[in-house]
Amino acid sequence: MHGDSRAALWRPSSGWVPKRWHALTPARFLIYAILAFVLIGLFGRIITFPLGHDEQIHVSAGRLLFQAPLYQALGYNHLPGLPLLLHTLYALTGDSYLLLKGRLLIFLCWIATGLLLYRFALRQTGNRHVAPVALLVLVAGELMGPAGMLVTNNFLPVPFAILSFDLFLRGLDEGRIRPGLLFLSGLAMGFAAVLKVSYVFLGPPFALAALLLPRALPFGERVRQVFVPLIIGGLVGCSPALVVLISDPYGLFAHTVRYFSHGHLAYWEQATAAKAMSFPEKIMVAEGVWLAGSGLLALILAGVFAGTLVRRAGAAALAWWPIPLAAALAAFGALGAFVPTPAFPQYYEPPVPFFILLFILLYRRLDAEARHWMAAVLGSVGALALISVTPRLAAAVPGVAQPVRWTGMVTHEQGQQIRAVLDRAGARGRVATLSPIAVLEGGLPIYREFAAGPFLYRVAQYLPAADRPYFTTTTPHGLSAFLDADPPAAILVGEEGELDAAFASYARLRGYRLLPIGGDETRLFVRPDADGLALLERGVSHNGAPLSERTAD
Numbered sequence: 001m002h003g004d005s006r007a008a009l010w011r012p013s014s015g016w017v018p019k020r021w022h023a024l025t026p027a028r029f030l031i032y033a034i035l036a037f038v039l040i041g042l043f044g045r046i047i048t049f050p051l052g053h054d055e056q057i058h059v060s061a062g063r064l065l066f067q068a069p070l071y072q073a074l075g076y077n078h079l080p081g082l083p084l085l086l087h088t089l090y091a092l093t094g095d096s097y098l099l100l101k102g103r104l105l106i107f108l109c110w111i112a113t114g115l116l117l118y119r120f121a122l123r124q125t126g127n128r129h130v131a132p133v134a135l136l137v138l139v140a141g142e143l144m145g146p147a148g149m150l151v152t153n154n155f156l157p158v159p160f161a162i163l164s165f166d167l168f169l170r171g172l173d174e175g176r177i178r179p180g181l182l183f184l185s186g187l188a189m190g191f192a193a194v195l196k197v198s199y200v201f202l203g204p205p206f207a208l209a210a211l212l213l214p215r216a217l218p219f220g221e222r223v224r225q226v227f228v229p230l231i232i233g234g235l236v237g238c239s240p241a242l243v244v245l246i247s248d249p250y251g252l253f254a255h256t257v258r259y260f261s262h263g264h265l266a267y268w269e270q271a272t273a274a275k276a277m278s279f280p281e282k283i284m285v286a287e288g289v290w291l292a293g294s295g296l297l298a299l300i301l302a303g304v305f306a307g308t309l310v311r312r313a314g315a316a317a318l319a320w321w322p323i324p325l326a327a328a329l330a331a332f333g334a335l336g337a338f339v340p341t342p343a344f345p346q347y348y349e350p351p352v353p354f355f356i357l358l359f360i361l362l363y364r365r366l367d368a369e370a371r372h373w374m375a376a377v378l379g380s381v382g383a384l385a386l387i388s389v390t391p392r393l394a395a396a397v398p399g400v401a402q403p404v405r406w407t408g409m410v411t412h413e414q415g416q417q418i419r420a421v422l423d424r425a426g427a428r429g430r431v432a433t434l435s436p437i438a439v440l441e442g443g444l445p446i447y448r449e450f451a452a453g454p455f456l457y458r459v460a461q462y463l464p465a466a467d468r469p470y471f472t473t474t475t476p477h478g479l480s481a482f483l484d485a486d487p488p489a490a491i492l493v494g495e496e497g498e499l500d501a502a503f504a505s506y507a508r509l510r511g512y513r514l515l516p517i518g519g520d521e522t523r524l525f526v527r528p529d530a531d532g533l534a535l536l537e538r539g540v541s542h543n544g545a546p547l548s549e550r551t552a553d
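The sequence shown begins at 1 in our numbering and counts up one residue at a time.
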């Protein structure tokens with residue numbers, strides 16, 4: 001007998017949990033303690049993770065959205081989902097502590113992902129052990145690195161992808177069609193793609209499934225009751241991108257497709273940094289994600305459960321439609337990961353959540369006796385996941401109680417220092433920098449040509465001539481002439497290595513004065529004709545106040 005027996009399985013749509021599970025047994029206490037440790041360690045790791053280069057483009061786009069065109073002015077090179085999320089967050093909570101709020105958004109995204117995964121596992125299996133193992137497997141991989149810690153669009157689509165899959169299954173649960181849930185499934189699917197364009201891989205498997213299921217329904221009814229609600233939801237979910245596509249089609253195309261296929265590619269072809277350009281090199285990167293950490297542990301569980309299911313119930317047991325759908329989504333995500341060049345580990349993360357969903361679905365099909373024997377496998381994999389992630393989480397726990405170490409607090413304080421120094425020097429005007437977050441944290445204006453941080457500036461010289469009208473920036477060779485036309489009040493360097501060299505050189509050649517603002521690498525150059533610069537260098541501000549007295553924020 002396989003797992004469809006209701007004597008062995010809970011109804012997936014019931015959500016009912018036996019009362020005896022609520023007793024705080026030692027095993028249950030241990031699970032709660034582990035989850036609490038993971039939660040605290042995860043918060044500490046996110047909140048103290050070093051500032052990443054990728055965050056510059058996303059945070060500044062979120063802060064400046066609707067003040068200037070997202071693509072042709074701000075140089076954004078992704079779909080507009082994350083800037084919309086961040087802008088909404090800043091509009092609701094104020095435009096200070098920009099990075100800190102972004103990191104908190106990432107933490108909330110982790111919470112949402114954990115809750116969705118936990119509820120999905122419990123609904124599908126009715127087993128109190130599967131859900132914690134699924135959570136531990138998720139945190140044991142690449143997402144513990146920059147992909148899951150920084151304010152970027154690498155991790156944010158994950159909860160929407162899981163939610164879309166869960167809603168699709170519930171929309172067709174027990175043969176009962178629920179168009180409302182299918183619409184919401186499409187909505188989540190569409191917004192996942194708006195957050196990161198690589199998640200368009202969700203579309204084909206879901207669309208095909210919507211045309212084929214339920215099999216007992218005539219094709220016309222499937223289209224009307226399943227396919228149409230799903231597609232309408234998808235269109236609504238990706239409507240932010242559709243609005244941009246209609247209003248600025250060439251700008252969107254130039255800053256997404258053309259940017260990555262021309263300027264970005266040419267930049268990396270000449271770069272000396274380690275990179276994966278060829279297909280064999282991409283295979284090596286994929287191996288490091290799929291055959292290590294989360295990917296490997298999830299595939300081990302899926303393989304063991306699938307083998308056990310086939311041995312006990314025959315290969316036909318694998319034909320239950322959610323299983324091939326999860327496998328198809330993982331396969332499409334894996335294939336899509338090889339499209340971008342060069343390859344980075346975060347590109348190969350999208351299939352991993354579906355590896356996890358797959359082993360949960362396979363476990364559901366096991367009979368009671370098989371589940372009993374698989375308990376040791378679940379426990380072993382969960383223990384391995386916990387062991388692998390414990391050093392990183394444990395190291396981050398002390399930072400939770402030390403707000404002065406939080407990256408968002410440090411960056412905000414740096415921004416306030418920059419503002420205070422410029423106020424004392426009497427310097428007025430924009431700040432030229434490839435690290436705009438700190439300047440924006442100080443409430444100071446930046447050049448929109450550098451709002452994308454290093455990402456547009458470093459590829460500008462490689463852009464095809466036909467695309468350049470759609471980009472607002474300059475090149476390292478043209479930087480001096482560009483800044484001479486509208487000299488900055490100050491120049492901030494130190495975070496972008498060689499890319500900062502032209503800015504620092506310009507500052508020295510034009511007589512900008514270097515003023516201390518704290519930090520090991522960051523340097524602030526102030527325009528030599530600033531009203532209070534001479535007084536500032538003698539120890540007082542332009543209004544006569546001693547430097548020891550900080551100006552009010």
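Here a beta-carbon is modelled for each residue, glycine too, at the ideal position from N, C-alpha and C.
Source: prediction; values computed, not measured.
With burial defined as no fewer than 16 other Cβ atoms inside 10 Å of the residue's Cβ, what is the status of residue i: buried or exposed?
| i | result |
| --- | --- |
| E449 | buried |
| P26 | exposed |
| P464 | exposed |
| H477 | exposed |
| D367 | buried |
| Q417 | buried |
| R365 | buried |
| E269 | exposed |
| T93 | exposed |
| S294 | buried |
| S388 | buried |
| E287 | exposed |
| W21 | Because W21 carries a pLDDT of 46, less than 50, the predicted location of this residue cannot be relied on, and no value is offered for it. |
| A134 | buried |
| P249 | exposed |
| F355 | buried |
| D54 | buried |
| S278 | exposed |
| T48 | buried |
| Y32 | exposed |
| G233 | buried |
DSSP three-state call for residue i: helix, strand or coil?
| i | result |
| --- | --- |
| V151 | coil |
| L65 | strand |
| A432 | strand |
| F471 | coil |
| I46 | helix |
| P26 | helix |
| I446 | strand |
| A545 | Bear in mind that the predicted position of A545 carries a pLDDT of just 42, short of 50, making it unreliable; the figure below should be weighed with that in mind. Three-state DSSP puts A545 in coil, outside helix and strand. |
| A276 | strand |
| L70 | coil |
| R458 | coil |
| E142 | helix |
| A401 | coil |
| S480 | helix |
| S96 | coil |
| W110 | helix |
| L156 | coil |
| Y32 | helix |
| E369 | helix |
| L79 | coil |
| P498 | Strictly speaking, residue 498 in this sequence is Glu, with Pro absent from that position. Residue state, collapsed to three classes: helix. |
| W268 | helix |
Report the partner residues of residue i according to the DSSP bridge assignment.
| i | result |
| --- | --- |
| V200 | DSSP, once it has assigned bridges, lists no residue as partnering V200. |
| A490 | V431, V526 |
| R513 | V526 |
Answer yes or no: the CB of residue i versus the heavy atoms of the ligand NAD, is any distance below 7 Å?
| i | result |
| --- | --- |
| G333 | Within the structure as shown, the ligand NAD is missing, as the structure has no ligands at all. |
What is the C-beta distance between residue i and residue j, in whole angstroms, given that I count them as a contact (C-beta under 8 Å)?
| i | j | result |
| --- | --- | --- |
| P353 | V139 | Actually they do not touch by this definition, with Cβ atoms about 12 Å apart. |
| L393 | V38 | 6 Å |
| F194 | A241 | Checking the sequence, you will find Val at residue 194 rather than Phe. Going by Cβ atoms, the distance from V194 to A241 rounds to 5 Å, so yes, they are a contact pair. |
| A343 | V285 | 5 Å |
| P214 | G175 | 6 Å |
| E142 | E349 | 5 Å |
| V244 | P80 | 6 Å |
| A489 | G443 | About 14 Å separates the two Cβ atoms, so there is no contact after all. |
| V289 | P205 | Contact doesn't hold; Cβ gap of about 20 Å is too wide. |
| L499 | P436 | That belief does not hold up - the Cβ atoms of L499 and P436 are roughly 13 Å apart, past 8 Å. |
Inset, instruction - Just list the alpha helix (DSSP H) runs in the region 190-249, keeping only unbroken ones of 4 residues or longer that don't cross its boundaries, in chain order. - result: 203-212, 219-222, 228-237, 239-247
Inset, instruction - Enumerate, from N- to C-terminal direction, the unbroken alpha helix (DSSP H) stretches of 4 or more residues contained entirely within the region 280-367. - result: 293-313, 322-336, 352-364
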